[in-house]
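This report concerns only the one structure given below.
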Amino acid sequence: MTDLFMGPPDERGRFGDFGGRFVPEALMSACLELDEAYRDARVDETFARSLERELSLFAGRPTPVTPLERLSRRLDLRVFAKREDLAHTGSHKINNVLGQALLAQRMGKHRVIAETGAGQHGVATATAAARLGLACTVFMGEVDTKRQELNVFRMELLGATVVPVTSGSRTLKDAVNEALREWVTCVADTHYCIGSVMGPHPFPWMVREFQSVIGREAAHQLRELGVETPDVVVACVGGGSNAAGVFAGFAEGTSRLVGVEAAGGSAVGVGSPGVLHGMRSLLIQDEFGQIEEAESISAGLDYPGIGPEHAYLAARGRAEYVTAHDDEVIAALQVLSEDEGIIPALETAHAVAWLLREAGRSIAPGSTVLLNLSGRGDKDVAQVRALIRGES
Amino acid sequence: MTSLETALRRVRASGRTALVPYVMAGVTSDWTRLVEAAVHAGADAVEIGLPFSDPIMDGVVIQEAALRSLAAGTTLDSVCAELATLDVDAPLVAMTYYNVIHHYGVERAAHAFAHSSLRGAIIPDLPPEEAAPWERACAQNDVATVYLVAPSSPPARVARLAHATQGFAYAAARMAVTGSASDLGDARRVVNALRSVSDIPVYVGIGITTPDHAREAAQFADGVIVGSALMSLVLDGAGTTRVESFVRDFRRALDSTSTP
Ligand SMILES: Cc1ncc(COP(=O)(O)O)c(C=O)c1O
Numbered sequence: 004m005t006d007l008f009m010g011p012p013d014e015r016g017r018f019g020d021f022g023g024r025f026v027p028e029a030l031m032s033a034c035l036e037l038d039e040a041y042r043d044a045r046v047d048e049t050f051a052r053s054l055e056r057e058l059s060l061f062a063g064r065p066t067p068v069t070p071l072e073r074l075s076r077r078l079d080l081r082v083f084a085k086r087e088d089l090a091h092t093g094s095h096k097i098n099n100v101l102g103q104a105l106l107a108q109r110m111g112k113h114r115v116i117a118e119t120g121a122g123q124h125g126v127a128t129a130t131a132a133a134r135l136g137l138a139c140t141v142f143m144g145e146v147d148t149k150r151q152e153l154n155v156f157r158m159e160l161l162g163a164t165v166v167p168v169t170s171g172s173r174t175l176k177d178a179v180n181e182a183l184r185e186w187v188t189c190v191a192d193t194h195y196c197i198g199s200v201m202g203p204h205p206f207p208w209m210v211r212e213f214q215s216v217i218g219r220e221a222a223h224q225l226r227e228l229g230v231e232t233p234d235v236v237v238a239c240v241g242g243g244s245n246a247a248g249v250f251a252g253f254a255e256g257t258s259r260l261v262g263v264e265a266a267g268g269s270a271v272g273v274g275s276p277g278v279l280h281g282m283r284s285l286l287i288q289d290e291f292g293q294i295e296e297a298e299s300i301s302a303g304l305d306y307p308g309i310g311p312e313h314a315y316l317a318a319r320g321r322a323e324y325v326t327a328h329d330d331e332v333i334a335a336l337q338v339l340s341e342d343e344g345i346i347p348a349l350e351t352a353h354a355v356a357w358l359l360r361e362a363g364r365s366i367a368p369g370s371t372v373l374l375n376l377s378g379r380g381d382k383d384v385a386q387v388r389a390l391i392r393g394e395s
Numbered sequence: 177m178t179s180l181e182t183a184l185r186r187v188r189a190s191g192r193t194a195l196v197p198y199v200m201a202g203v204t205s206d207w208t209r210l211v212e213a214a215v216h217a218g219a220d221a222v223e224i225g226l227p228f229s230d231p232i233m234d235g236v237v238i239q240e241a242a243l244r245s246l247a248a249g250t251t252l253d254s255v256c257a258e259l260a261t262l263d264v265d266a267p268l269v270a271m272t273y274y275n276v277i278h279h280y281g282v283e284r285a286a287h288a289f290a291h292s293s294l295r296g297a298i299i300p301d302l303p304p305e306e307a308a309p310w311e312r313a314c315a316q317n318d319v320a321t322v323y324l325v326a327p328s329s330p331p332a333r334v335a336r337l338a339h340a341t342q343g344f345a346y347a348a349a350r351m352a353v354t355g356s357a358s359d360l361g362d363a364r365r366v367v368n369a370l371r372s373v374s375d376i377p378v379y380v381g382i383g384i385t386t387p388d389h390a391r392e393a394a395q396f397a398d399g400v401i402v403g404s405a406l407m408s409l410v411l412d413g414a415g416t417t418r419v420e421s422f423v424r425d426f427r428r429a430l431d432s433t434s435t436p
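Protein sequences, first through last, are from chains A and B.
Positions 4 to 395 (the numbering used here) are the ones given, in order, by the first sequence.
Positions 177 to 436 (the numbering used here) are the ones given, in order, by the second sequence.
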């Protein structure tokens, strides 16, 4: 019997026991409206064409697959990188926001709101909003606005309003809370452009579909390079959007799918089932069901949950979820920079760290590996310098 | 019919507009005394907040109350234990978020509520579409599942929610989180929509901060819920006396309009 992985969720937005739509009544109509609009758009040629046009003429797709030759020799593997770092704004986040911004426009909404941790999704949303002439407000934990001052300024340059969030822990999960609170007040004219494969149905499915361009392109590009089925596909996981996007191209085959979480934010490793931000998924929580903070050097992975489809893939054993520690992540970032001339984002460096650790162990010599290079490291350079010099 | 609904229908039949203040459990060490004070001052039911770390339907006041309560170590068990020591006639209704209950276990939670005189529960992030296990557990324990209706709810959903809700229907006056406004917003429209499909008692909440709002709402609703305005006082240090006089002012305003 063959299982169909990464198809649509069921009628209630469930992937097995995970997902669903746990939202206040005030947001229910907006979620239903979005569901309908998205189902309509995904089978509409005109929508598909305008998204393809934006992805290629504005965002620079397709991004290449690069054989990482020196790293391959070092690890005795054949490693290929899907270069999402080369997409406009420097990460895969642009794929999702262009889809959602076009959908918002199609629904007649004039404004988008978004949450952001490190600022990558905020910058991408502000970019898409500028491109399409939408107003944009980004919620960012006060702690993160200080850690990522330049990204705040970037968003402002792009015409967005950045609202520092002072509630709760003042980081990513509170930015999501605040975006949801804001959305309640303005659902009629505003779309909530969520940044990963999380939230209430249809977001986890829709965001995965917008990101699946990564996996589709990569499968085709690998074939052109003579690789039918990579042995391993690896990506870092915050909420899980870049991982879902690349997995979508390989889930039906036999590739080993690996998601790498930050050791301090491992929803699959230490989490348990719970309900947060509109979804039932795996969450980091205490014994009373209070949500705990995720903590790592990469703000983009500091989310105490994981997208519901990943919780399902983990439960069914189709994908495995592992962790990388902060120190191996810094080392991995240096290796990729020196060996390949690519400075990856700290988030991405988690996937590289796992690869360095497992080459020759759970990854047999000579294996073919597709590494999803979710983003470039420019945003992290100051922080990495401080970490390497032992200043923080 | 749940015992909560029987009690609240009786309040309406007596010609009285129901007054339902909100108290966050654990917000102060003497929070149960605040509940008693509210009942002495004329509350017909009290909403008991069970704190959650990520309360997405609450504004800054109730967020702060939840944080204080959590910092003091409040848990579902500690709230139920303290409520067991309470001796009030008015029914108590829990207000919390689904993860607190989901994590505890729906059956255990409904059972614990029933044994600490919590006769209903408002869980804003649990719509009826996702609530089947919780509704089953509540049905076995005589705990009413109370649903909110929003100004954005289209007619078909109003009908569905009116059918699913027990005890009373919570008419949200506006598209906003708690404590963010101070007026009746769209309350009249939401109440009328509910009235046209159901005869369940309809209470208005979100935005009621003064006795004048309550008096106005009493002209078309069966009850009012007062949350952030009261919690704001408590966060500023108000004790039982102040809480009692605050609630009594609302009681007087409501009684000045009720038709006996
Ligand atoms: C470069 C990069 N990779 C990965 C992530 C994590 O998000 P996701 O797991 O949704 O791909 C982020 C988030 O900010 C990011 O900026």
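For each residue, glycine too, the CB sits at the ideal point set by N, CA and C.
Not a single heavy atom of ligand 1 lies less than 7 Å from the C-beta of E298(A). Of the candidates A221(B), E305(B), A260(B), A315(B), A221(B) places its Cα closest to the Cα of A266(B). Here the alpha carbon of A297(B) sits roughly 15 Å from the alpha carbon of E28(A). The shortest C-alpha to C-alpha distance from A390(B) to any of A369(B), G413(B), A363(B) is the one to A363(B).
G249(B) has its alpha-carbon roughly 10 Å from the corresponding atom of F291(A). Shortest Cα-Cα distance from L184(B) to any of A332(B), V322(B), F426(B), V367(B) involves V322(B). Ligand 1 has a heavy atom closer than 7 Å to the beta-carbon of T351(A). Among the residues of chain A, those whose CB is under 8 Å from the CB of I232(B) are P27, N180, L183, R184, H280, following chain order.
At least one heavy atom of ligand 1 is found less than 7 Å from the C-beta of V240(A).
The alpha helix (DSSP H) runs lying completely inside the region 352-385 of chain B and spanning 4 residues or more are 363-371, given in chain order. By the neighbour-count criterion, in which a residue is buried when 16 or more other Cβ atoms sit within 10 angstroms of its Cβ, F228(B) is buried.
For the pair of segments examined, the region 354-371 of chain B was found to touch the region 230-238 of chain B: the number of CB pairs separated by less than 8 Å reaches three. If you ignore the 5 residues before and after D289(A), its C-beta comes within less than 8 Å of the C-beta of E295, all in its own chain and listed in chain order. The closest heavy atom of ligand 1 lies less than 7 Å from the beta carbon of S199(A). Using a Cβ-Cβ cut-off of 8 Å, R333(B) counts as an interface residue toward chain A, since at least one Cβ of chain A sits closer than that to its own.
Rounded to the nearest angstrom, the Cβ distance from S358(B) to G383(B) is 6 Å, consistent with a contact under 8 Å. Residue state for H280(A) is assigned as coil, using DSSP reduced to three classes. Inter-residue distance for T164(A) and V187(B) is about 49 Å (C-alpha atoms, whole angstroms). Among the residues facing chain A, N275(B) is included, as its CB has a counterpart in that chain under 8 Å away. Residue range 194-200 is occupied by the beta strand (DSSP E) that includes Y198(B). Straight across, the Cα-Cα distance linking I333(A) with R319(A) is about 32 Å. When DSSP reads this structure, R211(A) sits in no beta bridge, so it has no partner. Judged by the Cβ position, S269(A) fails to qualify as a neighbour of ligand 1 at the 7 Å threshold, every heavy atom of the ligand being at least this far. Contact annotation: in the region 273-302 of chain B, residues whose CB is within less than 9 Å of a CB in chain A are Y273, Y274, N275, V276, I277, H278, H279, Y280, P300, D301, L302. At least one CB of chain B lies nearer than 8 Å to the CB of T188(A).
For L324(B), the residues of chain A that pass the 9 Å Cβ criterion are P27, E28, A29, in the order they occur in the chain. Distance from the CA atom of T119(A) to the CA atom of L101(A), rounded to whole angstroms, is 16 Å. Burial check for I391(A): the Cβ neighbour count within 10 Å stays below 16, so the residue is exposed.
Shortest Cα-Cα distance from G252(A) to any of P233(A), A266(A), G242(A) involves P233(A). H291(B) counts as exposed, since fewer than 16 other C-beta atoms from the protein chains shown sit within 10 angstroms of its C-beta.
Between the alpha carbons of G369(A) and D79(A) lies a gap of roughly 6 Å. Across the set D88(A), G125(A), T351(A), the C-alpha of G125(A) shows the shortest separation from the C-alpha of A104(A).
If you ignore the 5 residues before and after R283(A), its C-beta comes within less than 6 Å of the C-beta of F21, G23, all in its own chain and listed in chain order. Within its own chain, the residues whose Cβ lies closer than 7 Å to the Cβ of H287(B), once the five positions on either side in sequence are excluded, are N317, listed in chain order. For the set P327(B), V378(B), R350(B), R365(B), the Cα lying nearest the Cα of H339(B) is the one of V378(B).
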